[in-house]
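Numbering (the working numbering), first residue to last: 104 to 198.
Shown next, in structure tokens, is the structure this report addresses.
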Amino acid sequence: MPAYIIARVNVTDPEQYAKYRAVTPAAVAAFGGKFVVRGGEMETLEGPEETQRVVVLEFESMAKAREFYNSDQYKAAIALRQPASEGQFILVEGA
């Protein structure tokens, strides 16, 4: 069953965050993942306006998504992201 990592990110340092964006695709691909959404145009249809960057990653399973998130390759990317942003990352099983 597919699994998704949904990230909501408040970017505080765009230059530093760009370094994270540059290395993340290889880490995602290394674990069979793909970007479904990567900060594109957004419109809030209901509730409080969403002002954060939204990213959705798809993996073949919860286990594969965890393997990606906990990998040394992605930990190196996290080290680039954390000083440049504040975020929430959620792992959810698909239907």
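Note that the Cβ used here is the ideal one computed from N, Cα and C, for glycine as well.
Because the structure is a prediction, the values reported are computed rather than measured.
>> Alpha carbons only, please: which of Met165, Val157 and Glu189 is nearest the one belonging to valine 195?
In response: Ranking Met165, Val157 and Glu189 by Cα distance to valine 195 puts Met165 first.
> Ordered along the chain, which non-local residues of its own chain (more than five positions away) have a Cβ less than 7 Å from that of arginine 156?
Replying inline: The residues are Val112, Val114 and Gly142.
> With respect to the beta strand (DSSP E) encompassing phenylalanine 171, which residues constitute its N-terminal and C-terminal limits?
Replying inline: Counted as a single uninterrupted DSSP element, the stretch harbouring phenylalanine 171 is not any beta strand (DSSP E) but the alpha helix (DSSP H) occupying residues 165 to 172.
>> By the three-class DSSP mapping on this structure, what secondary structure does glutamine 191 have?
In response: The answer is strand: DSSP assigns glutamine 191 an E or B state.
> Are the segment 180 to 191 and the segment 116 to 131 touching, with three or more C-beta to C-beta distances below 8 Å?
Replying inline: They touch, by the three-pair rule.
> What are the residues that DSSP puts in a beta bridge with phenylalanine 138?
Replying inline: Answer by DSSP bridge pairing, in chain order: Leu160.
>> Taking its Cβ as the centre, do 16 or more other Cβ atoms sit within 10 Å of leucine 148, making it buried, or is it exposed?
In response: With fewer than 16 other Cβ atoms within 10 Å, it is exposed.
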